[in-house]
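Colleague: Starting off with a structure, shown below.
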Amino acid sequence: MASSSGTSSGSSTMIQNSGSEEDLQALMDERKRKRMISNRESARRSRMRKQKHVDDLMAQVAQLRNENHEIITRINLTTQHYLNVEADNSVLRAQANELSHRLQSLNEIISFLNGGNNFDDDDYAEDNNTTSLAFSTEPAADSFLNPFNLASYLNQPIMASADNNLFQY
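As structure tokens, this is what we get:
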């Protein structure tokens, strides 16, 4: 009996061992399956994060391109405005130069009409873009014969200034 009980006990242990091995194998298979599912989910989340990051970067690229286009447009407008102002300034400089020459000619004519002896090149002064001629207030000897010498205000110098507000429009 001892041998039969040993056999029966040995076969029962073997059945228990094979049952526990099967349970252990099933448990390991279940863990492996859960880990595989978890890894798949983790990979899916990683792909989604990566896609979201790529989408965010693409949106940022589009926004930066729009901003770049706006900046280039503003630069072009500012450059055009600068060129227009520069052209206007060139015209104004030419006009100021022409007016200065006219003024000088008119002052020379006045000097000539006043008898020519009241004008001296040393009296010609330029100070802060202001051109003036200085005259003596003494009447010329032939003032009775010269109709342009009727009043003393004609002996005053003609002043010109290149102020910014001279040519406003």
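Taking numbering that gives the first Met the number 0, the leading residue of the sequence shown gets 0, the next gets one more, and so forth.
Note that the Cβ used here is the ideal one computed from N, Cα and C, for glycine as well.
Keep in mind it's a predicted model, so treat the numbers as computed, not measured.
(1) Would you kindly work out how many angstroms separate the C-alpha atoms of L56 and N75, rounded to a whole number?
(2) Distance check for R64 and Q24, CA to CA, integer angstroms please.
(3) Would you kindly work out how many angstroms separate the C-alpha atoms of K51 and S41, rounded to a whole number?
(4) Using the Cα positions of V90 and L82, report the straight-line distance between them to the nearest angstrom.
(5) Note down the Cα distance separating N67 from V84, rounded to an integer number of angstroms.
(6) Once DSSP output is grouped into helix, strand and coil, what is the label at N65?
(7) Give the secondary structure of G18 by DSSP, where H, G and I count as helix, E and B as strand, and everything else as coil.
(8) Go ahead and label I108 buried or exposed: buried means 16 or more other beta carbons lie within 10 angstroms of its beta carbon, across all protein chains shown.
Modeller: In short:
(1) Their backbone Cα atoms lie some 28 angstroms apart in a straight line.
(2) Inter-residue distance for Q24 and R64 is about 59 angstroms (C-alpha atoms, whole angstroms).
(3) Pairing K51 with S41, the inter-Cα distance amounts to about 15 angstroms.
(4) So the alpha carbons of these two residues sit roughly 12 angstroms apart.
(5) Taking the straight line from one Cα to the other gives about 25 angstroms.
(6) Residue state, collapsed to three classes: helix.
(7) Three-state result, G18: helix.
(8) If you draw a 10 Å sphere on the C-beta of I108, you find fewer than 16 other C-beta atoms in it, and that means exposed.
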